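Colleague:
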Amino acid sequence: LSVNKAHISKLHPCMSLTPFNCTREMSVLQEISQNVRSIKQLEYAVLARRANQIQKELSQGVRKPYKELIDVCWGDPHSMDVKPLTFVRQVLAACVYPELMSSHKLPLDVRQRAQWLLGRCDGGSVGSYLAPTGIPEIVQRMSESIRSRDGGVPCNPDNIFISPGSQWSLTNIIQVLVNNEAPLRTGILTPVPCHVTTIMSIKSLGAAVIPYFLSEEHGWALQVEELQRALESAKGGCNPVALYVINPGNPAGYVQSRKSIQEVIQFASEKRLFLLADEVYQDCVYGKNSEFVSYKRVLAEMGPPFSDTVELASFHSVSKGFMGECGLRGGYVELVNLDPNVVKYIFNLICKDSTTPVLAHFAMDLMMNPPRPGDPSYPLYNQVRNATAHEVVNSLPGFSCQPVEGGAFVFPRVFLPPRAIQKAKEEGMQPDTFYCMRLLEEMGVLVSPGCEYGQKEGTYHIRFCIMASQDIIDQVLKRLTTFHTKFMKDFS
Amino acid sequence: YSLNGVPCRGKVLTVDNMNPNVKRVEYAVRGPIVQRAVQIEKELREGVKKPFTEVIKANIGDAHAMGQKPITFLRQVLALCSYPELLEDNKFPEDAKKRAQRILGACGGHSIGAYSASQGIECVRQDVARYIEKRDGGIPSNPDNIYLSTGASDAIVTMLKLLVCGEGRDRTGVMISIPQYPLYSAALADLGAVQISYYLDEEKCWSLDVAELRRALNAARQHCNPRVLCIINPGNPTGQVQSRQCIEDVIRFAKEEHLFLMADEVYQDNVYAEGCKFHSFKKVLFEMGPEYSSTVEMASFHSTSKCYMGECGFRGGYMEVINMDPEVKTQLTKLVSVRLCPPVPGQALLDLVVNPPQPDEPSYITFMKERTAVLSALAEKARLTEQTFNAVPGITCNPVQGAMYTFPRITLPEKAIDKAKEEGKVPDMYYCMRLLEEEGICLVPGSGFGQREGTFHFRMTILPPTEKLKVVLQKIRDFHVRFTQEFS
Numbered sequence: 001l002s003v004n005k006a007h008i009s010k011l012h013p014c015m016s017l018t019p020f021n022c023t024r025e026m027s028v029l030q031e032i033s034q035n036v037r038s039i040k041q042l043e044y045a046v047l048a049r050r051a052n053q054i055q056k057e058l059s060q061g062v063r064k065p066y067k068e069l070i071d072v073c074w075g076d077p078h079s080m081d082v083k084p085l086t087f088v089r090q091v092l093a094a095c096v097y098p099e100l101m102s103s104h105k106l107p108l109d110v111r112q113r114a115q116w117l118l119g120r121c122d123g124g125s126v127g128s129y130l131a132p133t134g135i136p137e138i139v140q141r142m143s144e145s146i147r148s149r150d151g152g153v154p155c156n157p158d159n160i161f162i163s164p165g166s167q168w169s170l171t172n173i174i175q176v177l178v179n180n181e182a183p184l185r186t187g188i189l190t191p192v193p194c195h196v197t198t199i200m201s202i203k204s205l206g207a208a209v210i211p212y213f214l215s216e217e218h219g220w221a222l223q224v225e226e227l228q229r230a231l232e233s234a235k236g237g238c239n240p241v242a243l244y245v246i247n248p249g250n251p252a253g254y255v256q257s258r259k260s261i262q263e264v265i266q267f268a269s270e271k272r273l274f275l276l277a278d279e280v281y282q283d284c285v286y287g288k289n290s291e292f293v294s295y296k297r298v299l300a301e302m303g304p305p306f307s308d309t310v311e312l313a314s315f316h317s318v319s320k321g322f323m324g325e326c327g328l329r330g331g332y333v334e335l336v337n338l339d340p341n342v343v344k345y346i347f348n349l350i351c352k353d354s355t356t357p358v359l360a361h362f363a364m365d366l367m368m369n370p371p372r373p374g375d376p377s378y379p380l381y382n383q384v385r386n387a388t389a390h391e392v393v394n395s396l397p398g399f400s401c402q403p404v405e406g407g408a409f410v411f412p413r414v415f416l417p418p419r420a421i422q423k424a425k426e427e428g429m430q431p432d433t434f435y436c437m438r439l440l441e442e443m444g445v446l447v448s449p450g451c452e453y454g455q456k457e458g459t460y461h462i463r464f465c466i467m468a469s470q471d472i473i474d475q476v477l478k479r480l481t482t483f484h485t486k487f488m489k490d491f492s
Numbered sequence: 001y002s003l004n005g006v007p008c009r010g011k012v013l014t015v016d017n018m019n020p021n022v023k024r025v026e027y028a029v030r031g032p033i034v035q036r037a038v039q040i041e042k043e044l045r046e047g048v049k050k051p052f053t054e055v056i057k058a059n060i061g062d063a064h065a066m067g068q069k070p071i072t073f074l075r076q077v078l079a080l081c082s083y084p085e086l087l088e089d090n091k092f093p094e095d096a097k098k099r100a101q102r103i104l105g106a107c108g109g110h111s112i113g114a115y116s117a118s119q120g121i122e123c124v125r126q127d128v129a130r131y132i133e134k135r136d137g138g139i140p141s142n143p144d145n146i147y148l149s150t151g152a153s154d155a156i157v158t159m160l161k162l163l164v165c166g167e168g169r170d171r172t173g174v175m176i177s178i179p180q181y182p183l184y185s186a187a188l189a190d191l192g193a194v195q196i197s198y199y200l201d202e203e204k205c206w207s208l209d210v211a212e213l214r215r216a217l218n219a220a221r222q223h224c225n226p227r228v229l230c231i232i233n234p235g236n237p238t239g240q241v242q243s244r245q246c247i248e249d250v251i252r253f254a255k256e257e258h259l260f261l262m263a264d265e266v267y268q269d270n271v272y273a274e275g276c277k278f279h280s281f282k283k284v285l286f287e288m289g290p291e292y293s294s295t296v297e298m299a300s301f302h303s304t305s306k307c308y309m310g311e312c313g314f315r316g317g318y319m320e321v322i323n324m325d326p327e328v329k330t331q332l333t334k335l336v337s338v339r340l341c342p343p344v345p346g347q348a349l350l351d352l353v354v355n356p357p358q359p360d361e362p363s364y365i366t367f368m369k370e371r372t373a374v375l376s377a378l379a380e381k382a383r384l385t386e387q388t389f390n391a392v393p394g395i396t397c398n399p400v401q402g403a404m405y406t407f408p409r410i411t412l413p414e415k416a417i418d419k420a421k422e423e424g425k426v427p428d429m430y431y432c433m434r435l436l437e438e439e440g441i442c443l444v445p446g447s448g449f450g451q452r453e454g455t456f457h458f459r460m461t462i463l464p465p466t467e468k469l470k471v472v473l474q475k476i477r478d479f480h481v482r483f484t485q486e487f488s
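Heads up: the sequence lines are chains A and B, in that order. Residue numbering for the first sequence follows full-length UniProt numbering, beginning at 1 and increasing consecutively. Residue numbering for the second sequence follows full-length UniProt numbering, beginning at 1 and increasing consecutively.
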């Protein structure tokens, strides 16, 4: 945490790799944004480089204990063999190439939806620009869907702003919150562990991350005392303006209870913090006793004064859930209780950006208005999902895994033997990165280390994605089990 | 205090404590006049009587919105990528299927719904590099220097984010043309960078004069640290296509003054005027020899939104960085990963644009026919527009050499300027608002793009279908005559 001061960061010309540079004047680009420099290089980069090498070796016929690499680092269901939803892809194809609707055996509901969506586009083409706030009829339907999700809590479509993904929206809102002309740097309370893109967004805007630790022993619960401690620690170092929560969690797979959400809202209200609620995994809930309830709904049900004062931005996207359409780049933010004058400026900011792809916006409609019982596409659409991967991992000695109630990942704690930690130090790696590197080399499975996300000092974790085909999950668990047993033995 | 004794508090996020830079952001292309146009459309739908039955939105460079048809081949491949079951369908040509299979093969899980690498799908970047090499007569292009993006705007903003730094007198200054495409001024305001305006010469067909660049730069050195020079070629809103000599002069200037060049070339296929040719900055740079080609640092931008495709809604684009310091490239690569990746359908579309049907392929004939039709229609409309406007007393119009817009200069009577002042409007905004209310035609006032003090302009797109364009031109002509008479 530092006082707000921008530095010009200059590299010595001879540090660049091209020898030619040493004899000429300093490159124009040696001076670049300090905010960009402050974004940490990912641990993943080191693992990815090795993974690429291994991939090359495999394709050259080099013999290894495995035939192919499995990358379960990212929350990217399609790349892990989860199939796209037929209804979604049929509608998108028909919108892209409307000739399909006349000459094809597409189900009636597909054709009707495609026609309705295309009819809302300027010039009847998905190639025209979207209005910055989206197609009014689609956003209207989105708002109705949100209202229905929240048991009738009203949703004003004017407060919904679409974007090419939830991180894009988050960056925009944080940008509005960050005041680089204020005497103290803007600070945002962020969970530990937290997925990397949020941290990168905060840093890239010149804001400070104020970490608050989730309590692993309590199922990664968010504890108000810890929020309080974090807030105290920021005093004098930066100006805390917002509290970022992610529910269901990433990397930790918790789903917050209603009570927990209420406590967070009360805290935000008391301490005058803007609430940033990242809810992209709202459709990924597995725990038998867990239920997703939105921050907006809990806020509304708490009644005044909270319900009409606490300022909230909630984020969702088409990347997760049953659709898993990460590559389309579609998301939105819903703003609650913001000053209308501020919202005007947010609108201006978004106008300049205006970059949501039309297909992504359509995907939002498909996600929030899926086929209903009785529709021709309904039987195929419905999917059941369960997550038992964490039970398998938890059963391995040396692992301890909190129940995965929601989200896309398993984030088990691995109790690394002191000899392994020592070896890691010798190799100049974080202990959990070392574990991941070994897993990659010996078993061809790519997972990410807990140090990527932050964790309590002296603890180590790994994260891997379970929004994958059953086949892939089975393979990962098999290989991980074999590897882990051997690793723990070798370093005991 | 409210009724039940609970203290009323102000908002946490207010206009006073929010990011001051965000308050300075304006984007004329979608500004107040467009908002009024949307309102009028709503009124028309509700049955309110007006002197016109539809609003013609000639404010934004959106070809499909104005009725331009998509290119068949592009949409076929994209449909195949969206729903690969269609690969079984024999109604799709073999070359379309081949392209789709190649693209899907490069996607995670063979799906366009998987994240791609942040820099973009590798085989697409390779194809883009090959396209650039072919376009530039064989000058090598390295796929590692290609960054795919969410439209060209995204790449432009990313570069600016990377470059803008420093405080006070050291704050980065960025040179942009007046008139300019307002994304630049908006982005600079957003980033708190210093805008350094250089004027294009209206008398000389909006050409760029190095003396003017020098003037602007020297003045700017007093209060900021100038490091970037932006140029749009072919130009927006002005439509000029810079001569090769001019491009060389700009490159020379950038080298002398130690500036990073940002060359916005999204309209590179939109060149109409006799004797005009698109010269890519990179090609000229390399033809100037190693003294320049190994030192001048540059980024050039392209997109799928313009040219003959007009696929604005897909958000496809790229930038090529040249002579970028490897350390800085690492930072750039890091920065683009914050947004995860560009939209995959847009990347697929870009791949097709740089890798179109070849003469020996089944889709070639139809593809070329459609492409030629779009570009020749634009050329015809460019000519028609210039001709029509120049025949109106009080309107002078430079030739629309390229891009998709006309930016005519309008003479406004003193009384009209006074009336505008009374209404608290900038004179050309007042003019355009009147045109909108009376004729249902939405243009963007020149003040949104920048212009010399005391001059007034508007920007109109040449995208409406020819017959409709003729009507629009005639209505503007009649309006201008009426308006001039009213305030004489």
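Yeah, the Cβ is synthetic: ideal placement off N, Cα and C, and Gly gets one too. Bear in mind the structure is a predicted one, so any value in this text is a computation, not a measurement.
Looking at L446 (chain A) and D81 (chain A), is the spacing between their C-beta atoms short of 8 Å?
Modeller: Judged by beta-carbon spacing, L446 (chain A) lies beyond the 8 Å limit of D81 (chain A), meaning their Cβ atoms are not closer than that value.
Colleague: Please list, in chain order, the chain A residues whose beta carbon lies closer than 9 Å to that of D62 (chain B).
Modeller: D122, G123, G127, S128, Y129
Colleague: How big is the Cα-Cα spacing for Y184 (chain B) and L200 (chain B)?
Modeller: 16 Å
Colleague: By the criterion of Cβ-Cβ separation under 8 Å, what are the contact partners of F322 (chain A) in chain B?
Modeller: Per Cβ cutoff of 8 Å: no residues; F322 (chain A) is ~12 Å from chain B at best.
Colleague: Could you name the residues of the same chain whose beta carbon sits closer than 8 Å to that of A114 (chain B), not counting the 5 residues immediately before and after it, in chain order?
Modeller: C107, G108, V344
Colleague: Using a Cβ-Cβ cut-off of 8 Å, state whether Y181 (chain B) counts as contacting chain A.
Modeller: no
Colleague: Identify the residues that DSSP records as bridge partners of V209 (chain A): which are they?
Modeller: A:I188
Colleague: Report, in whole angstroms, the separation of the C-beta atoms of P449 (chain A) and C436 (chain A), which I expect to be a contact under 8 Å.
Modeller: Rounded to the nearest angstrom, the Cβ distance from P449 (chain A) to C436 (chain A) is 5 Å, consistent with a contact under 8 Å.
Colleague: Any idea what DSSP makes of M324 (chain B), helix, strand or coil?
Modeller: coil
Colleague: To the nearest whole angstrom, what separates the beta carbons of G173 (chain B) and C276 (chain B), a pair I think is in contact under 8 Å?
Modeller: In this structure G173 (chain B) does not touch C276 (chain B) by the C-beta definition: roughly 31 Å separates them, more than the 8 Å allowed.
Colleague: So, at 6 Å on beta carbons, what are the nonlocal neighbours of S166 (chain A) in its own chain, with the 5 sequence-adjacent residues on each side left out?
Modeller: V280, F315, S317, G331
Colleague: Starting from the C-beta of Y27 (chain B), find all residues in its chain whose C-beta is less than 6 Å away, skip the five residues before and the five after it, and write them out in chain order.
Modeller: P182, A186
Colleague: Between Q347 (chain B) and L148 (chain B), how many whole angstroms is the CB-CB distance? I'm expecting something under 8 Å.
Modeller: 5 Å
Colleague: Mind checking which residues open and close the alpha helix (DSSP H) that includes Q180 (chain B)?
Modeller: Here Q180 (chain B) belongs to no alpha helix (DSSP H), and DSSP marks it neither H nor E.
Colleague: Please list the terminal residues of the continuous alpha helix (DSSP H) segment that includes Y431 (chain B).
Modeller: For Y431 (chain B), the enclosing alpha helix (DSSP H) has its first and last residue at 427-439.
Colleague: Is I476 (chain B) buried or exposed, if buried means 16 or more other CB atoms sit within 10 Å of its CB?
Modeller: Buried, by the Cβ-count rule.
Colleague: Nearest to residue 493 (chain A) by CA position, among A:V62, A:F434, A:T186, is which residue?
Modeller: It is not possible to answer for residue 493 (chain A), since the shown part of chain A is limited to 1 through 492.
Colleague: If we call anything under 8 Å between Cβ atoms a contact, is K203 (chain A) one with I32 (chain A)?
Modeller: For K203 (chain A) and I32 (chain A), no; Cβs fall outside 8 Å.
Colleague: Going by the CB atoms, is the gap between F213 (chain A) and V241 (chain A) shorter than 8 Å?
Modeller: no
Colleague: Where do the N-terminal and C-terminal ends of the beta strand (DSSP E) with N225 (chain B) fall, by residue?
Modeller: 225-232
Colleague: Taking only runs of the alpha helix (DSSP H) that begin and end inside the stretch 391-440 of chain A, which ones reach a length of at least 4 residues, in chain order?
Modeller: 418-426
Colleague: Just mark residue 523 (chain A) as buried or exposed, buried being the case when its beta carbon has 16 or more other beta carbons within 10 Å.
Modeller: Here chain A covers residues 1 to 492 and nothing more, so residue 523 (chain A) does not appear.
Colleague: Count the other CB atoms, across all protein chains shown, that sit within 10 Å of the CB of H223 (chain B); report buried if there are 16 or more and exposed otherwise.
Modeller: exposed
Colleague: Residues in its own chain within less than 7 Å of S492 (chain A) by CB, not counting five upstream and five downstream?
Modeller: The answer, listed in chain order, is P417.
Colleague: Measuring only between beta-carbons, confirm whether R75 (chain B) sits less than 8 Å from chain A.
Modeller: yes
Colleague: Between B:E43, B:E361, B:L384, which has its C-alpha nearest F73 (chain B)'s C-alpha?
Modeller: It is B:E361.
Colleague: Along the stretch 155-185 of chain A, what residues have a CB closer than 8 Å to any CB found in chain B?
Modeller: For the stretch 155-185 of chain A, the residues whose beta carbon sits under 8 Å from a beta carbon of chain B are, in order, P164, G165, Q167, W168, T171, Q175, V176, L177, V178, N179, N180, E181, A182.
Colleague: Suppose you measure from the CA of D351 (chain B) to the CA of D127 (chain B); what does that come to, to the nearest Å?
Modeller: 7 Å
Colleague: If you drop the 5 nearest sequence neighbours on each side, which residues of the same chain put their C-beta closer than 7 Å to that of L335 (chain B)?
Modeller: T158, K161, L162
Colleague: For the alpha helix (DSSP H) containing H480 (chain B), name the first residue and the last one.
Modeller: It spans 466-486 - the alpha helix (DSSP H) in which H480 (chain B) sits, taken as one unbroken run.
Colleague: List the DSSP bridge partners of F407 (chain B).
Modeller: According to DSSP, F407 (chain B) bridges with nothing at all.
Colleague: For I174 (chain A), which residues of its own chain have a beta-carbon under 8 Å away from its beta-carbon, when the five flanking residues on both sides are left out?
Modeller: I188, S201, I202, L205, A207, A242, L276, listed in sequence order.
Colleague: In angstroms, rounded to a whole number, what distance separates the CA positions of T18 (chain A) and E291 (chain A)?
Modeller: A caution first: T18 (chain A) carries a pLDDT of 32, below 50, which makes its placement in the model too unreliable to give a value.
Colleague: Is the separation between the beta-carbon of V210 (chain B) and that of F253 (chain B) shorter than 8 Å?
Modeller: The answer is yes: Cβ separation under 8 Å.
Colleague: Cβ of T197 (chain A) less than 8 Å from any chain B Cβ?
Modeller: yes
Colleague: Output the boundary residues of the alpha helix (DSSP H) element that contains V342 (chain A).
Modeller: 340-353
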